[in-house]
Structures are given as structure tokens and as C-alpha cells.
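Which chain is which? The protein sequence lines are P and E, in order.
Following my numbering, the numbering of the first sequence begins with 1 at its first residue and continues without gaps.
Following my numbering, the numbering of the second sequence begins with 1001 at its first residue and continues without gaps.
Even for Gly, the Cβ is constructed at its ideal location relative to N, Cα and C.
Given the structure is predicted, the values throughout are model-derived calculations rather than measurements.
Below is one structure, written out as C-alpha cells; the observations come after it.
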Amino acid sequence: KNQVEQSPQSLIILEGKNCTLQCNYTVSPFSNLRWYKQDTGRGPVSLTIMTFSENTKSNGRYTATLDADTKQSSLHITASQLSDSASYICVVSRGSGNTGKLIFGQGTTLQVKP
Amino acid sequence: DTGVSQDPRHKITKRGQNVTFRCDPISEHNRLYWYRQTLGQGPEFLTYFQNEAQLEKSRLLSDRFSAERPKGSFSTLEIQRTEQGDSAMYLCASSLRQGLQETQYFGPGTRLLVL
Chain P
1 KNQVEQSPQS
11 LIILEGKNCT
21 LQCNYTVSPF
31 SNLRWYKQDT
41 GRGPVSLTIM
51 TFSENTKSNG
61 RYTATLDADT
71 KQSSLHITAS
81 QLSDSASYIC
91 VVSRGSGNTG
101 KLIFGQGTTL
111 QVKP
Chain E
1001 DTGVSQDPRH
1011 KITKRGQNVT
1021 FRCDPISEHN
1031 RLYWYRQTLG
1041 QGPEFLTYFQ
1051 NEAQLEKSRL
1061 LSDRFSAERP
1071 KGSFSTLEIQ
1081 RTEQGDSAMY
1091 LCASSLRQGL
1101 QETQYFGPGT
1111 RLLVL
């Protein structure tokens, strides 16, 4: 079964601290993996995208890693800010992407406190 | 703002009523997707269009749901005889397929509450 599992389900950190979110997937065949940020009441916004051959991708204070052998990805946020409070969703695209249909994780809710 | 707009942003309705949502994608995007998202969960695929053709429908899409994209631009999602279980955020996304890469841009969503 094609699944994307994320951990932790929720996380609270203090402003300025770093954190790492995890994503495990059992999607086959694999095409690419994205991390999305979703603010409360808004649609998801893409942060990073990685294909099979890429093992790290950065976007400002966000750094995503991918281990295609173990089918794991992580999203590392450095020097967190209050505006980082959101849900972070790991999304895997399957196969050749004929449909573009994405398989979503349930998300990790991050709360950054002052 | 991703360039994808949805209307309305919020809808409260009584059980049994019909509702219709609209999505306006990024103008040059040929693909349009509908998703449903419940609280604490990731979005679930409902259906997608390539231009005006509806190419795939999820088993989640019961007979009460219908989606159209008549001119290959905006799309509508109608739910007939709404049930309380239909309460969710309905997200629309659009993309331009180029080769094997495709990035979906999401709208802000329509939050539906069925009383």
C-alpha cells in the first residue's frame, strides 16, 4: 500500500531553536518527494522538491534530506521563527506521474513559542 | 498567494442542501485537482482534469459529488444532499505538466461546515 507517515504528529519549540521533522514512505515506484508548509486555514505551499538522485535541498532556513534506500526524508528548520508555526506535510509523487496524483502524509503541526 | 483562487472561502449549510464551490487556476495551467482535507490530516485526492477532460476520480467521490471544468479554465465542485461527514476543507490545485516534473499550486481552500 502506498503510504506516507510523518513524525512527530506535533511539536512545540522555542523561537530560535532548531527542529527536525521526519517522513517515511512506502510509495512505489517513487518519482519525487516534496515538503509543503500549510498555514492554518490556507492551502499548502511547496518548500522543497527532491527527485531520486537528490539527497539534500535547501530553501532558506529549511533543509530537506532524502534517503531513497531507506525511504526516509527529513525537514530541518534552523533558527525557528514565530512565522514557522504551521503544519508541514510530506508529499510523495508516484511513478511517472501520469496523473500527478500526490500521496500526502498527515502532517506535523509545529508551534513556535516566543 | 499562489495565483489559484477559490470561492467561497467559507460555507455553512444545513444537511441535505446542495453546495457548489469554484476554483480559478493559474491561467496557463492545464491540470486542475480537487482534494478534501479533514482536521489533522493531509489532503486526499478527489479528482483531476487535464484541460476540460476529467481523467480520474477517487473512490472517495460518491455519486453526490460532481466536478466540471467546461472550458478547461475554472472548475466547479458540487455536493448534492450534503451530509455532516462532508464537513472539511476542499482544496483546489493547478499545475502545468512539463516533461515528468509537475508542481501543484494550491488555492486557499473552501471550508465547508454542514450542520
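Cβ-based burial, residue i [other Cβ within 10 Å; buried from 16]
{"i": "residue 94 of chain P", "result": "buried"}
{"i": "residue 87 of chain P", "result": "buried"}
{"i": "residue 1010 of chain E", "result": "exposed"}
{"i": "residue 1138 of chain E", "result": "This structure leaves residue 1138 of chain E out entirely; chain E is present only between 1001 and 1115."}
{"i": "residue 37 of chain P", "result": "buried"}
{"i": "residue 20 of chain P", "result": "exposed"}
{"i": "residue 1102 of chain E", "result": "buried"}
{"i": "residue 1043 of chain E", "result": "buried"}
{"i": "residue 41 of chain P", "result": "exposed"}
{"i": "residue 1001 of chain E", "result": "exposed"}
{"i": "residue 12 of chain P", "result": "exposed"}
{"i": "residue 1078 of chain E", "result": "exposed"}
{"i": "residue 70 of chain P", "result": "exposed"}
{"i": "residue 1008 of chain E", "result": "exposed"}
{"i": "residue 1106 of chain E", "result": "buried"}
{"i": "residue 1 of chain P", "result": "exposed"}
Endpoints, beta strand (DSSP E) assigned at residue i
{"i": "residue 68 of chain P", "result": "Premise fails: residue 68 of chain P is in no beta strand (DSSP E) and is neither H nor E."}
{"i": "residue 1076 of chain E", "result": "1075-1079"}
{"i": "residue 113 of chain P", "result": "108-113"}
{"i": "residue 1026 of chain E", "result": "No beta strand (DSSP E) holds residue 1026 of chain E; DSSP gives it neither H nor E."}
{"i": "residue 1086 of chain E", "result": "Looking at the DSSP string, residue 1086 of chain E is not in any beta strand (DSSP E), and its letter there is neither H nor E."}
{"i": "residue 1112 of chain E", "result": "1110-1114"}
{"i": "residue 26 of chain P", "result": "Residue 26 of chain P -> no beta strand (DSSP E), and no H or E assigned at all."}
{"i": "residue 4 of chain P", "result": "4-7"}
{"i": "residue 81 of chain P", "result": "Element bounds for residue 81 of chain P: n/a, residue is neither H nor E."}
From the options, residue whose alpha carbon lies closest to that of residue i
{"i": "residue 73 of chain P", "options": "P:79, P:30, P:42, P:80", "result": "P:30"}
{"i": "residue 3 of chain P", "options": "P:33, P:84, P:49, P:16", "result": "P:33"}
{"i": "residue 105 of chain P", "options": "E:1039, E:1003, E:1005", "result": "E:1039"}
{"i": "residue 63 of chain P", "options": "P:10, P:18, P:71, P:12", "result": "P:18"}
{"i": "residue 1080 of chain E", "options": "E:1019, E:1005, E:1004", "result": "E:1019"}
{"i": "residue 1005 of chain E", "options": "E:1075, E:1084, E:1049", "result": "E:1075"}
{"i": "residue 102 of chain P", "options": "E:1007, E:1028, E:1036", "result": "E:1036"}
{"i": "residue 1065 of chain E", "options": "E:1097, E:1104, E:1108, E:1085", "result": "E:1085"}
The ligand ZN heavy atom lying under 6 angstroms from the CB of residue i
{"i": "residue 32 of chain P", "result": "As far as ligands go, the structure on display features none, and thus does not contain the ligand ZN."}
Beta-carbon proximity of residue i to residue j, cut-off 7 angstroms
{"i": "residue 1032 of chain E", "j": "residue 1094 of chain E", "result": "yes"}
{"i": "residue 1111 of chain E", "j": "residue 1089 of chain E", "result": "yes"}
{"i": "residue 80 of chain P", "j": "residue 112 of chain P", "result": "yes"}
{"i": "residue 1022 of chain E", "j": "residue 1114 of chain E", "result": "no"}
{"i": "residue 1047 of chain E", "j": "residue 1067 of chain E", "result": "yes"}
{"i": "residue 1045 of chain E", "j": "residue 1069 of chain E", "result": "no"}
{"i": "residue 90 of chain P", "j": "residue 9 of chain P", "result": "no"}
Subject >> Contact residues within the region 1025-1045 of chain E, judged by C-beta distance below 9 angstroms to chain P >> reply: Within the region 1025-1045 of chain E, the residues whose Cβ lies closer than 9 angstroms to some Cβ of chain P are 1031, 1033, 1035, 1037, 1040, 1041, 1042, 1043, 1044, 1045, listed in chain order.
Subject >> the region 28-58 of chain P: positions lying closer than 9 angstroms to chain E by Cβ >> reply: Cβ contacts with chain E: 31, 32, 34, 36, 38, 41, 42, 43, 44, 45, 46, 49, 51.
**OP:** With 7 angstroms as the limit, tell me which residues of the region 1081-1102 of chain E have their beta carbon closer than that to any beta carbon of chain P; keep them in chain order.
**Re:** The region 1081-1102 of chain E vs chain P, Cβ under 7 angstroms: 1091, 1095, 1097, 1100, 1102.
Original post:
Taking any Cβ of chain P, which residues in the region 1002-1025 of chain E have a Cβ under 7 angstroms from it, in chain order?
Top reply: Correct list: 1002.
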